[in-house]
Amino acid sequence: MDSNCIFCKIINKEIPSKVVYEDSDFLAMLDIAPATKGHVLIVPKEHAETLSDLSDDKASKILVLAKKIIVAMQKVHNFTDYNIIQNNGRIAGQSVNHFHLHLIPRYSVDEVGLWVPHEDDPSVTEELAAKVRNLV
Ligand code: 5GP
Ligand code: ZN
8 MDSNCIFCKI INKEIPSKVV YEDSDFLAML DIAPATKGHV LIVPKEHAET
58 LSDLSDDKAS KILVLAKKII VAMQKVHNFT DYNIIQNNGR IAGQSVNHFH
108 LHLIPRYSVD EVGLWVPHED DPSVTEELAA KVRNLV
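The following block contains the structure:
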């Protein structure tokens, strides 16, 4: 628990939220400023800022939970397509420094933009791929 963290306060019930799922490890709630109708955030109860800080235990459980919640959301909000998005750090668009996964329903007309694809970059060589490979 980080006393300055808004998501820790929500988990601690000091701030209200519209909960769609809760267990001893996670809370999932409606986003207060949704990208699209039904947008949900899954928040691990342990305070970790980014994926790199999150425990392997929570990291390995969260996608299974995302799948369960998405299936329920699809029945309620009548969508088939969705994005799972997770921002790490300011430059990447993270505004709340407590790890969370965005579950974003997609509709035929919506305003979600992700990235613009670029030409392949020849300076990112097989050698660099091998360097990463050797560190994983
Ligand atoms: P980020 O930009 O860090 O990836 O996403 C943070 C998300 O948290 C945003 O989509 C924002 O709307 C949501 N958010 C921020 N404060 C609150 C809050 O007090 N309650 C809820 N339910 N969502 C919040
Ligand atoms: Zn926190």
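Numbering (our numbering), first residue to last: 8 to 143. All C-beta atoms, glycine included, are put in the ideal place defined by N, C-alpha and C. Please read these numbers as outputs of a predicted model, since none were measured by experiment.
Item, Value
"Uninterrupted alpha helix (DSSP H) stretches inside the stretch 10–46 (no shorter than 4 residues)", "13–18"
"Near the ligand ZN: F14 beta-carbon under 6 Å from a heavy atom", "yes"
"Neighbour-count burial assignment, N11, 16 or more Cβ in a 10 Å radius", "exposed"
"Helix, strand or coil at N141 according to DSSP, with G and I counted as helix", "helix"
"Per-residue burial, V26 [other beta carbons within 10 Å of its own, 16 or more giving buried]", "exposed"
"Run of the beta strand (DSSP E) containing I98, from where it starts to where it stops", "Careful: I98 lies outside any beta strand (DSSP E) and carries neither H nor E."
"Range covered by the alpha helix (DSSP H) that runs through H84", "63–84"
"Nearest-angstrom Cα separation, counted from G96 out to D9", "17 Å"
"Span of the beta strand (DSSP E) around N90", "88–92"
"H54 CB to nearest heavy atom of the ligand ZN below 6 Å", "yes"
"Meets three-Cβ-pair contact criterion under 8 Å: the stretch 39–46 and the stretch 55–63", "no"
"I17 versus L70 - alpha carbon distance", "21 Å"
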